[in-house]
Every structure is written in C-alpha cells, then in structure tokens.
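In structure tokens:
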C-alpha cells in the first residue's frame with residue numbers, strides 16, 4: 021500500500037506551476053490505474069477546461085444507493101525547499117509518519133478512500149455503488165470543476181458525496197466537519213500622482229496612496245471587530261444557542277493556543293468565543309499590502325501606487341458574489357477624491373453546512389466510533405472548500421466531510437506528514453461507513 025501511495029506522491033503534480041502540466045496528466049493516469057486495480061468497473065482520464073479529471077465507478081446493483089467519492093491529486097508548491105528535512109517528492113517513513121508533499125493533502129487522504137473501497141470489493145462486502153472523481157485544480161480554486169459537473173450531471177449522479185480532505189480536532193479527539201466558511205477575495209489598487217514624487221517637495225500637499233489605502237482598510241472594521249460594510253450581515257444566520265453550547269464543550273486551551281502561534285493576546289468580534297470567531301462567524305483580513313520603496317536603506321519617496329489583497333471568510337447563507345459587490349461598492353463610496361481606487365474581485369466560494377441528521381453523516385459517525393473508540397464531535401471549520409457548495413448547487417447532493425488530517429500534519433507547509441496510525445484508522449473508519457450506510461435508509 022505504501023509503495024502504491026508513494027508512486028502518486030513522487031509525481032510533482034503542482035497545479036499552480038504551468039511547467040508541471042505533464043506531471044498533472046501523469047498523476048491522473050496513475051490514479052486511473054490504481055482505481056482499476058482496486059476494483060472499479062471502469063476508470064477514465066477525462067478532459068476539462070483545465071487539468072484532466074479522473075472518473076471511475078463500480079456498480080454492484082443499479083437499484084442500490086450510490087456514493088460519489090471526491091478528492092484532488094494536485095498539491096501545493098513545496099517551497100521553501102530549504103526547510104524540508106527530506107525531499108518533498110521522495111516520501112519517507114520515519115518516527116511513525118509518512119513525510120512528503122501530499123502525504124495528507126490530499127493524496128494520503130484520498131488513498132484511504134481508494135484502499136477502503138478495494139478492501140470492500142475484494143471481500144464481497146460492498147453493498148452500494150461507488151463513483152470516484154479526482155480533480156487536479158483544487159489548490160488553485162477548482163476553476164474547471166463546476167463546468168465539468170454541469171456537463172456530466174448524469175454521470176455524477178449520487179445519493180451522497182464523501183470527501184476526505186479535512187482535519188480532526190486531535191489524534192485522540194476525532195471529529196467530523198459539519199460546516200465550512202465561504203470566501204470572497206479582492207485586490208485593491210490605489211493610485212495618486214502620475215509618478216513617484218520627492219517626499220520633501222510634495223509631502224503634506226499630495227495624498228500618499230499608501231496612507232490612503234491604510235485609512236480605507238481601517239474603515240472596513242469597527243471597534244467591536246465587526247465588518248462595517250452596510251448590508252454585510254443581512255444574511256448571516258445567528259448560531260443557535262444549542263450549537264454554541266456544543267462548541268463550548270470542545271476541549272480548547274486558549275493559553276496553549278496563544279503560545280503555539282506566539283501571540284500574547286487574541287482579538288475578534290465582540291460577544292463570541294475564539295472557536296466561534298474562527299469557525300461560524302465572518303471575518304476580514306488583509307492578506308498582503310505593498311507599495312513604495314521597500315529596498316535596503318532609505319529612499320524619500322511619495323509613491324504613485326499602493327496595493328492590498330484582502331479577503332473575507334463568510335458563513336453559510338452569505339452569497340460570495342453579493343458580498344463581493346457590497347465590499348467593492350463600500351470601498352469606492354469611502355474613497356477620497358485625492359486618489360483613484362480600483363477594486364478587483366479575484367475569487368470566492370459559498371459556505372456549507374451538513375445536517376447531522378443525514379443518514380450518511382450517521383454512518384460516518386459510526387465509522388469514526390469504530391476506528392477511534394469514541395463518538396466524534398461535530399464541528400464547523402473556518403476554512404473553505406468552495407467546490408463542496410458547488411456540488412450541492414449543481415448536483416443537488418449533500419457532502420459528508422470525513423477527514424483524518426491533524427494540525428501537526430503541516431499541510432501546505434514544509435515537512436507535510438501523515439501519522440501511520442491515523443492512516444490505518446482512516447481505512448477502518450471508511451470501511452465501517454460503507455457497512456453502515458449500505459444498510460441505512462436514504
């Protein structure tokens with residue numbers, strides 16, 4: 021099994037870099053081969069508007085329920101390479117962990133799904149139909165997948181979608197993700213004079229684009245940590261008291277949390293706990309800001325332009341396109357006449373909530389309980405997987421997020437890894453999911 025996983029990991033399928041186009045195809049073809057060997061009736065590498073998509077299926081009974089397994093075979097760039105303790109695309113097993121780019125996100129986790137499927141097929145235990153869809157653009161926002169789903173609705177028809185691409189609260193604290201935040205992202209460009217100016221000759225008389233940009237950004241939030249854009253909270257659903265009580269029961273040591281990230285104090289929206297703020301409330305962040313002279317030494321310049329990249333995490337029911345317009349319009353409305361402001365939406369996605377009453381969720385719950393020895397907590401996560409909401413909108417199907425990652429797995433960072441014991445428990449949990457779901461009412 022490790023050899024098969026390593027054959028995938030060794031292919032540097034980095035979707036963000038055009039020079040890896042051939043690697044994307046090679047990885048898709050390797051996945052096709054592995055799924056056929058696992059027991060799929062058919063498997064294909066299919067074209068999309070971008071990188072190829074792998075589709076496979078196994079039909080045990082046309083009248084049985086169907087599970088659609090989603091994963092992605094692309095990975096993040098490995099830089100900075102000097103921080104890796106081993107080669108990122110030459111996997112190693114040491115200290116009870118698999119170390120490599122993709123060990124968790126998402127080759128390692130998708131492989132759990134594939135091998136659990138293989139076990140069920142070879143032991144005659146599979147009672148539902150299974151389809152697989154593996155894309156190569158998740159790490160760049162899945163730009164081609166929605167179109168592919170629209171074009172192949174019938175091919176992808178299923179009763180539920182199963183995804184292993186999320187994380188748990190801890191190795192000894194299994195959890196199932198029931199909600200994801202959405203995302204809206206913009207670039208702001210502020211232009212002042214038609215060229216960089218001498219700050220002595222013009223300072224104090226001409227608006228500095230960097231100063232102005234900072235003032236604009238400061239007006240996007242208020243003193244209580246709320247986003248100040250009119251209409252921003254119109255569609256925000258207040259978290260029910262019962263759910264807030266459930267969140268409060270999640271083990272959380274705020275002092276350790278602060279120590280782990282090296283801060284002395286936390287901040288956020290008034291009236292909400294840290295776990296509520298980073299999972300089921302909206303947020304605003306400046307992701308990057310630049311302009312003027314940033315080289316060595318001093319240069320007394322009043323810059324012509326300043327830029328920032330900003331984002332909002334959104335909660336379910338907030339439409340990312342509506343929010344994108346509201347924020348852009350608000351920035352323009354508060355911009356002074358002394359500068360020109362351009363706000364460019366870059367990308368976004370909807371939030372998602374999975375009902376814990378869903379039969380497939382109950383089956384996943386049983387799977388975790390079997391593998392980890394305790395019932396998993398239901399938690400909302402602060403991150404975004406925009407394609408999950410797209411599945412619901414285009415295919416009309418709910419998704420169960422059955423992920424096995426840990427914070428210590430360092431996805432997207434140097435030294436990404438996956439503990440072998442969690443990997444093995446993942447197989448057991450997914451096998452049990454199919455056993456339970458195969459006998460449940462849809």
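Residue numbers (our numbering): 21 to 462. Ideal placement from N, C-alpha and C gives every residue a C-beta, glycine not left out. Quantities reported herein were computed from a predicted structural model and do not represent experimental measurements.
N- and C-terminal bounds of the beta strand (DSSP E) containing residue i
i	result
residue 30	That residue, residue 30, is in no beta strand (DSSP E); it is neither H nor E in DSSP.
residue 149	149-155
residue 63	62-66
residue 113	112-114
residue 118	117-119
residue 438	437-439
Environment of residue i [buried if 16+ CB atoms lie within 10 Å]
i	result
residue 21	exposed
residue 186	buried
residue 364	exposed
residue 446	buried
residue 90	buried
residue 386	buried
residue 142	exposed
residue 521	Any question about residue 521 goes unanswered here, given that the chain covers just 21 to 462.
residue 238	exposed
residue 433	exposed
residue 103	exposed
residue 88	buried
residue 411	buried
residue 307	exposed
residue 54	buried
residue 426	buried
DSSP bridge partner residues for residue i (one or two, in chain order)
i	result
residue 365	206
residue 200	372, 401
residue 326	210, 311
residue 419	181
residue 73	66
residue 218	321
residue 304	332
residue 245	According to DSSP, residue 245 bridges with nothing at all.
residue 187	425
residue 88	151, 181
residue 360	211
Residue i in three-state terms, based on DSSP
i	result
residue 128	helix
residue 26	helix
residue 296	helix
residue 12	The chain is shown from 21 up to 462; residue 12 falls before or after that span and cannot be answered.
residue 164	coil
residue 78	strand
residue 94	coil
residue 331	strand
residue 193	strand
residue 460	coil
residue 408	helix
residue 175	coil
residue 281	helix
residue 387	helix
residue 428	helix
residue 476	Missing from the structure shown is residue 476; the chain here goes from 21 to 462 and no further.
residue 146	coil
residue 378	coil
residue 286	coil
residue 223	strand
residue 291	coil
residue 392	helix
residue 134	helix
Residue span of the alpha helix (DSSP H) that contains residue i, given as start and end
i	result
residue 231	229-238
residue 343	340-354
residue 105	Counting along the chain, residue 105 falls outside any alpha helix (DSSP H), and DSSP gives it neither H nor E.
residue 267	261-268
For residue j and residue i, believed in contact at Cβ under 8 Å, the rounded distance
i	j	result
residue 436	residue 36	Not confirmed; about 15 Å, so no contact.
residue 127	residue 29	6 Å
residue 137	residue 58	6 Å
residue 321	residue 169	So it is not a contact: roughly 49 Å between Cβ atoms.
residue 152	residue 75	7 Å
residue 247	residue 399	Not really, about 23 Å apart at Cβ, beyond 8 Å.
residue 176	residue 408	That pair is no contact at about 14 Å.
residue 44	residue 125	Going by Cβ atoms, the distance from residue 44 to residue 125 rounds to 16 Å, so no, they are not a contact pair.
residue 477	residue 356	Here the chain covers residues 21 to 462 and nothing more, so residue 477 does not appear.
residue 379	residue 461	6 Å
residue 259	residue 300	5 Å
residue 162	residue 406	6 Å
residue 210	residue 326	5 Å
residue 254	residue 323	Contact doesn't hold; Cβ gap of about 37 Å is too wide.
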